[in-house]
Amino acid sequence: MNKQEMSDVLAKYNIKSPLTGNDLTEPIEFNLMFATQIGPTGLVKGFLRPETAQGIFVNFKRLLEFNQGKLPFAVAQIGNSFRNEISPRSGLIRVREFTMAEIEHFCDPNQKNHPKFESIADTRLTLYSACNQMDGKSAQQISIGEAVRNNLVANETLGYYMTRIHQFLLTIGIKPECLRFRQHMNNEMAHYACDCWDAECLTSYGWVECVGCADRSAYDLANIHKPLAYDWWQRNDAKTITDALSKLSINDVNDVEQTLKDKQEFILNLENGSEFKLTPEIISVKHSTKTVHVEDITPSVIEPSFGIGRIMYALLEQNFQCREGDEQRCYFTLPSVVAPLKCSILPLSNNAEFNPFIRQLSTALTKAELSHKVDDSSGSIGRRYARTDEIAIPFGITVDFDTLKEPHTVTLRDRDSLKQVRLGIDEVIDVVKTSLSEELSGLKYLKIPRI
Ligand code: GAP
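Here the numbering used here is used: the first residue of the sequence shown is 52, the next is one more, and so on.
Listed below in structure tokens is the structure:
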């Protein structure tokens, strides 16, 4: 609906504020993009980017050259985005400045298959299709291979990225039962998209969109190369107008040219029943003859778009735990791949005899490139375990009085199971490293060996 149509509906049904019964104001136009002034005079208007994607699109030519002129290829970028949200709320979930990470995968619009699709085709995802949403049905578990075969997901490349998003989110610690992909319904699809699935994570605010995965077709590259005169048109109408123009036959185009010459305007009928006045200032018709040796295509774009703040929020909330029977003892079950520190070293007390062993362990951990922390502060060992659990450190090595005896041993403690095992000081770092790398490579998390 445009402004007037909305106003008419409000008037027709005499719509009031639901809480207070007050009259509503007339609908106003609202720009979701953040306006700013550029330069010292402040006369040049600019807009902060609402997505990182556009920087990639305007550099497309260079990027294509960088890829030896071949499709497909993908580009990734991370950075800040700004949106003039009407109502920022819910902590990190809806903010006006946020970090986005986007991948733009450019491919031939006629070949949206993906060479690695077979390798992930059997992965089962929870898909909440537009049809199921309309019919009031729930989400379904289905392999991505089947979803693409049944045209539920538009093409292999889109399906491939959805699966990679699924793998990524699980790897960093999102719970499988708290993850689903919801398809956009026609009335919510962005103007540029022809199919779009949101990876949604379950939080205390309900299901929250954390990653969007859209097939943007050729929308951006096609429009970036349009004449700037298109800026004259209101954003809302731009797509409808370009669609109407692209459907004109050669005879229609001749008619446009003649009418513009005679009357200095041409009334273009749009699909939504409205009209748009073309004038010579905003459009001109050029005739040219072209011999075609190669087919020109405008590449399509598949775009996974990650909202880092929302992912972090869901991750922290889903991994926040309290020890059974002791609600004061909270901890994070973050997988070690995202835990900022991988291991702690905890001397049982501040006995100076422990120092050489602490130094030995710390040096070995540094050499193994494992971030770690020595907690030799005062406080009971229980309190210090709790402190390392609170900051999600997956492993703790304790140096105690047995360490002083030959053969020198330490205990290794697992944050989640609380299990401990005594190991030789020379082997403990390898055990930590193996446990971490097995987790990273996607194998079953090797808890504590040799209990
Ligand atoms: N280029 C595609 C695009 O911008 P989007 O769904 O509008 O798609 C992508 O945004 C992601 O950015 C969303 O999935 C969400 O995680 C995050 N996001 C969007 N608006 C946000 C806001 N106001 N605050 C925090 N994150 C936001």
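From the three backbone atoms N, C-alpha and C, an ideal C-beta is built for every residue, glycine too.
Next on the checklist: Rounding to the nearest angstrom, what Cα-Cα distance links Ser428 and Arg438 in this structure?
Outcome noted: Each residue's alpha carbon lies about 11 Å from the other.
Item to check | Per DSSP, cross-strand counterpart(s) of Ala250 | outcome: The beta-bridge partner set that DSSP reports for Ala250 consists of Phe232 and Val262.
Item to check | Distance between Ser58 and Tyr64 (C-alpha atoms, nearest Å) | outcome: If you draw a straight line from the Cα of Tyr64 to the Cα of Ser58, it comes to about 10 Å.
Checklist entry - Going by the beta-carbon positions, is the gap between Arg233 and Asp246 smaller than 7 Å? => result No.
Checklist entry - Cβ-heavy atom distance between Phe98 and ligand 1 below 6 Å? => result No - ligand 1 has no heavy atom lying nearer than 6 Å to the Cβ of Phe98.
Next on the checklist: Among the candidates Ser351, Leu329, Ile301 and Thr291, whose CA atom is the shortest distance from the CA of Glu322?
Outcome noted: With distances taken between Cα atoms, Glu322 lies closest to Thr291.
Item to check | One or two residues paired with Glu354 in a DSSP bridge | outcome: For Glu354, which the question treats as bridged, DSSP gives the partners Ala265.
Checklist entry - Does ligand 1 have even one heavy atom less than 6 Å from the beta-carbon of Ser138? => result For ligand 1, not one heavy atom lies less than 6 Å from the Cβ of Ser138.
Checklist entry - By how many angstroms is the C-alpha of Cys394 removed from the C-alpha of Tyr382? => result Answer to the nearest angstrom: the Cα atoms are 15 Å apart.
Checklist entry - From Leu83 to Glu375, what does the alpha carbon distance come to, in whole angstroms? => result The C-alpha of Glu375 is placed about 46 Å away from the C-alpha of Leu83.
Item to check | Enclosing alpha helix (DSSP H) for Leu311 [first to last residue] | outcome: Segment Ile301 to Lys314, the alpha helix (DSSP H) holding Leu311.
Item to check | Span of the beta strand (DSSP E) around Ala127 | outcome: Per DSSP, the unbroken beta strand (DSSP E) holding Ala127 starts and ends at Phe124 to Phe133.
Checklist entry - Does any heavy atom of ligand 1 sit closer than 6 Å to the C-beta of Val31? => result The question about residue 31 has no answer, for the chain in this structure spans 52 to 502.
Next on the checklist: Please classify Thr330 as buried or exposed, where buried requires at least 16 neighbouring CB atoms within 10 angstroms.
Outcome noted: Here Thr330 is exposed, its C-beta having fewer than 16 other C-beta atoms within 10 Å.
Checklist entry - Just how far apart, CA to CA, sit Ala556 and Leu392? => result With the chain represented from 52 up to 502, any question about residue 556 goes unanswered, as that position is not in the structure.
Next on the checklist: Once the 5 residues before and after Val199 are set aside, which same chain residues still bring their CB inside 6 Å of it?
Outcome noted: Taking Val199 as the centre and dropping the five residues before and after it, the same chain places the C-beta of Glu207 and Gly210 closer than 6 Å to its C-beta, in chain order.
Checklist entry - Can we count Cys245 as close to ligand 1, meaning its CB is less than 6 Å from some heavy atom? => result Exclusion of Cys245 from the 6 Å shell around ligand 1 follows from its C-beta lying no nearer than that to any non-hydrogen atom of the ligand.
Checklist entry - How about Gln471 and Thr460: do their beta carbons lie closer than 7 Å? => result In this structure, Thr460 does not lie closer than 7 Å to Gln471 by Cβ.
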